[in-house]
RNA sequence: GUGGGUAUAGCUCAGUUGGUUAGAGCGCCAGAUUGUGGCUCUGGAAGUCGUGGGUUCAAAUCCCGUUACCCACCCCA
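Residue numbers (the numbering used here): 39 to 460.
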């Protein structure tokens with residue numbers, strides 16, 4: 039039990055962590071290009087924030103939260119998504135008082151109590167962006183463009199962008215009414231889940247994958263026919279902006295998203311071929327969320343992107359992630375005196391920006407060389423009695439086996455030169 | 001929460017109709033004339049057979065429970 043990570047969690051060992059570092063590096067570069075700044079919020083929040091922010095009709099709140107009472111008897115929840123905490127922070131620190139828009143991104147673990155499967159864990163990691171204070175469709179288009187730019191940068195191909203508008207507080211009620219009117223005669227044929235959705239949130243019936251429900255809804259009214267003028271124009275503008283950025287998309291009136299806070303734009307980016315959990319990125323506009331959480335009426339838009347699913351997609355497309363080989367010099371020592379000299383020299387190298395290490399196990403020369411080879415050092419510096427006497431070090435290139443005798447005080451210059459030549 | 005599959009060494013997996021000290025490949029460690037890696041050869045370490053119970057003279061093997069992993073449903077990243 040104590041030697042097993044909890045269900046749905048994973049260790050990230052050194053032979054994989056380089057992939058994450060790479061992704062994070064690209065994310066930070068792209069967000070900078072789009073002028074987004076990093077925000078880091080707590081791993082847990084008051085449960086009430088998610089109930090209000092995410093919505094108490096959502097599956098997340100109803101059955102997937104890691105909720106517990108702390109020693110002060112506060113109800114605490116591990117963040118199940120990234121938006122609510124960011125919104126809370128935006129309000130708490132009065133960020134609506136500074137120059138708008140406020141554009142932020144985060145990379146954070148999120149927690150959901152679900153049954154694990156391919157591309158779904160109980161702890162996973164999301165890269166997300168949230169942009170507050172901008173009502174224009176250009177902002178919606180910008181976040182979609184940001185996600186696509188990231189995917190392109192990573193070399194991904196064949197992703198599908200689905201967009202839709204789910205209207206606003208003005209026009210959505212009319213549509214919900216229309217949906218109820220339509221489904222009223224089909225209640226007997228809908229799945230149990232959809233029957234309860236009929237009252238709670240008929241929008242979600244459009245989301246159901248049940249065959250019968252799919253068939254029934256094929257003639258259901260389309261939200262796009264119900265949009266008010268404002269939402270209609272906004273959706274058209276979004277499409278114009280996306281086209282201007284040469285982003286291919288598909289209008290899919292069936293995507294509605296599982297979180298309650300969305301208004302107007304919703305979108306998903308799908309990756310075929312990574313199994314059933316194929317939504318890599320999802321988001322949209324949430325003009326009512328900040329006020330719902332107790333702040334001033336503030337428009338906003340954002341998305342969440344699953345890092346694990348992104349890695350699955352990269353793997354699926356056979357994309358090699360560059361492994362930064364940072365191991366440069368290994369000192370091979372013969373005898374105690376050589377060890378202490380090596381310790382001195384290798385620290386000089388490190389201070390001068392050259393990665394270096396030495397044997398810490400007291401192994402034979404042969405074993406030390408073998409180690410250098412296995413671990414992937416570029417050069418081996420041998421120190422034995424001969425070298426100590428002459429004040430030199432034997433530097434061997436592990437690529438071609440070439441070996442030279444270098445004065446110890448010239449070592450840094452020599453390695454630096456060799457690095458440049460590589 | 002529901003359904004199906006799986007569980008043997010660090011990894012990938014063999015293991016017969018139940019029958020002695022549970023095997024292989026890869027990896028790891030050491031050695032092949034005492035200061036030199038990759039190839040080869042030799043040797044070594046490493047497994048409570050997921051876990052608890054049951055049947056049996058005898059269980060990795062058969063039965064039941066349980067946990068975990070994989071896949072799928074619901075939903076989502």
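For glycine and all other residues, C-beta sits at the position ideal for the given N, C-alpha and C.
Here the structure is a predicted model, which means the values were calculated and not measured.
Secondary structure of residue 413 (DSSP, three-state): helix. Taking a contact as a CB-CB distance under 8 Å, the pair residue 181 and residue 167 counts as one, their CB atoms being some 6 Å apart. In the three-state reduction of the DSSP assignment, residue 339 falls in the strand class, which pools E and B.
Going by beta carbons, residue 394 and residue 275 fall outside the 8 Å limit.
When only Cα atoms are considered, residue 143 and residue 397 end up about 42 Å apart.
Residue 272 sits buried, since 16 or more C-beta atoms from the chains shown fall within 10 Å of its C-beta.
For residue 272, there is no enclosing beta strand (DSSP E); the residue is found in the alpha helix (DSSP H) stretching over 267-282.
Assignment of beta-bridge partners to residue 243 by DSSP yields no partner. At least 8 Å separates the beta-carbon of residue 331 from that of residue 269.
Residue 370 counts as buried, since no fewer than 16 other beta carbons sit within 10 angstroms of its beta carbon.
Between residue 345 and residue 165, the C-beta spacing is below 8 Å.
DSSP places residue 251 inside the alpha helix (DSSP H), whose first and last residues are 249-254. The count of Cβ pairs closer than 8 Å, one atom from the segment 215-231 and one from the segment 257-264, reaches three, so the stretches are in contact. For residue 210, the closest of 230, 300, 426 and 59 by C-alpha to C-alpha distance is 300. The alpha helix (DSSP H) runs of length 4 or more contained entirely in the segment 56-130 are, from start to end of the chain, 85-92, 97-101 and 121-130.
In the three-state DSSP reduction, residue 225 falls in the helix class (H, G or I).
One thing to note: residue 82 has its Cβ within 8 Å of the Cβ of residue 115. For residue 99 and residue 227, the gap between their C-alpha atoms comes out near 28 Å. For residue 448, the three-state secondary structure derived from DSSP is helix. In the structure shown, the three-state DSSP call for residue 147 is strand. Runs of the alpha helix (DSSP H) lying entirely within the segment 358-400 and spanning at least 4 residues, in chain order: 374-389. Looking at the backbone, the Cα of residue 66 and that of residue 341 are separated by about 16 Å. Annotation: the continuous beta strand (DSSP E) that includes residue 318 extends over 317-323.
Of the candidates 54, 296 and 323, 54 places its Cα closest to the Cα of residue 358.
In the structure shown, residue 287 adopts coil according to DSSP, grouped into three states.
Spanning the alpha carbons of residue 50 and residue 56 requires a straight line of approximately 10 Å. Counting only residues of its own chain and dropping the five nearest sequence neighbours on each side, residue 311 has a CB closer than 6 Å to the CB of 354.
Counting along the chain, the unbroken alpha helix (DSSP H) around residue 347 starts and ends at 345-354.
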